[in-house]
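**Student:** Sharing a structure below in structure tokens format, with a few things to ask.
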């Protein structure tokens, strides 16, 4: 899926700029290439850096952290495999003890906390949203529609993440479904704003850096 999104990004760039990115693109090999690995590491670090911004507030022991912007952005610009790998790397490094989760927390115990379900859900959310983003960019929509579709991609991510978060709270801290929904409602409303910001960043990246990833078309 990551490769498919790369091709879709190239087609979108060709449609909206004068440069033909694919003309001199190197042949694509199987597996992650050095550039892919670098992008995965950079996005994992970016998510971790955003998580270190002090939470604006805490709701029900869940910090309202800025890392969500990075998690929502990754599928839009990396595709399914790369975004999934970046979020997996972020979660694994944090679970191994690096204090890169919100509130400078780390270690396996975080997965058993009220926010553990969200962290685990980052991984499937990025894979799923990346696949949706691939399908969107392959259609080469004009910018107004692209904005709408990328916001839909962000909503897909949020749906998976909040599902994981609610289930995690019900298991880890014995919240009832109604109590968990009450806790998550204000957080979800504010994350809709983060989703809009992630879309703005994605549009800027797709427009300004069309050669960020190798140019490949799959027909």
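In full-length UniProt numbering, the protein residues as written are 1 to 219. The beta-carbon is built from N, C-alpha and C at its ideal position, and this holds for glycine as well.
1. Please name the residue, chosen from 197, 186 and 165, that lies closest to residue 177 on a Cα-to-Cα basis.
2. Can you tell me whether residue 32 is helix, strand or coil according to DSSP?
3. Using a C-beta cutoff of 8 Å, does residue 182 count as contacting chain C?
4. Kindly give me the distance between the Cβ atoms of residue 100 and residue 51, rounded to whole angstroms, as I take these residues to be in contact under 8 Å.
5. Within this structure, are the beta carbons of residue 48 and residue 117 separated by less than 8 Å?
6. Does DSSP put residue 105 in a helix, a strand or coil?
7. Anyone know if the C-beta pair for residue 94 and residue 127 falls short of 8 Å?
8. Which two residues bound the contiguous alpha helix (DSSP H) that contains residue 97?
9. Does DSSP put residue 144 in a helix, a strand or coil?
10. Considering just the uninterrupted stretch of the alpha helix (DSSP H) at residue 129, what are its terminal residues?
11. Relative to the C-alpha of residue 302, which residue among 110, 108 and 44 is closest?
12. Helix, strand or coil: which one does DSSP assign to residue 53?
13. Could you compute how far the alpha carbon of residue 105 sits from the alpha carbon of residue 170?
**Tutor:** The structure says:
1. Here residue 177 refers to the residue found at position 177 of the chain shown. The residue with the shortest Cα to Cα distance from residue 177 is 165.
2. Residue mapping note: residue 32 aligns to position 32 of the chain shown, counting from 1. Note: residue 32 maps to coil in three-state DSSP.
3. You won't find chain C in this structure, because it holds only one protein chain.
4. To locate residue 100, count along the chain shown from 1; it is residue 100. To locate residue 51, count along the chain shown from 1; it is residue 51. Correct: roughly 6 Å between the Cβ atoms.
5. Within the chain shown, the letter at position 48 stands for residue 48. Within the chain shown, the letter at position 117 stands for residue 117. Contact flag unset, no.
6. For the purposes of this step, residue 105 is identified with residue 105 of the chain shown, where counting begins at 1. Looking at residue 105 - three-state DSSP - the assignment turns out to be strand.
7. Within the chain shown, the letter at position 94 stands for residue 94. Within the chain shown, the letter at position 127 stands for residue 127. No. Outside cutoff.
8. Here the question's residue 97 lines up with position 97 in the chain shown. No alpha helix (DSSP H) contains residue 97, which DSSP labels as neither H nor E.
9. Here residue 144 corresponds to residue number 144 of the chain shown, with the count starting at 1. Residue 144: helix per DSSP, three-state reduction.
10. Locating residue 129 in the chain shown gives position 129, counting from the first residue. 116-138 is the extent of the alpha helix (DSSP H) around residue 129.
11. It is not possible to answer for residue 302, since the shown part of the chain is limited to 1 through 219.
12. Sequence index remark: in the chain shown, residue 53 carries index 53 (1-based). Three-state result, residue 53: coil.
13. As a working note, residue 105 is residue 105 in the chain shown. As a working note, residue 170 is residue 170 in the chain shown. So the two alpha carbons sit approximately 21 Å from each other.
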